[in-house]
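Residue numbers (the working numbering): 58 to 142.
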């Protein structure tokens, strides 16, 4: 049996992956491999992005991604980008 904090972490990880899958169709195919689902903190979601160029392009998509997630019932008021290697 999982402890409550561990179960909560597993649920957030699963939800983050579901969010990325939900917006995948809005992300250009060549950009998709550069993105990974990151942590959820309240109404803020983080996307992990590989490289500055991918982050710049993703930044342009953020309003559409947020609107799409809200239309699917997720409470997302901001999406943060974190560059990783």
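The beta carbon of each residue, even a glycine, is placed where N, CA and C say it ideally should be.
Given the structure is predicted, the values throughout are model-derived calculations rather than measurements.
Could you compute how far the alpha carbon of residue 100 sits from the alpha carbon of residue 76? Cα to Cα, residue 100 sits roughly 13 Å from residue 76.
State the Cα-Cα distance for the pair residue 64 and residue 97, rounded to the nearest angstrom. 14 Å
Let me know the secondary structure DSSP gives residue 93 once reduced to three states. strand
Helix, strand or coil: how does DSSP classify residue 119 here? helix
Going by C-alpha distance, which of 87, 129, 106, 85 is nearest residue 137? 106
Report the rounded CA-to-CA distance for residue 90 versus residue 81, giving the unit in angstroms. 10 Å
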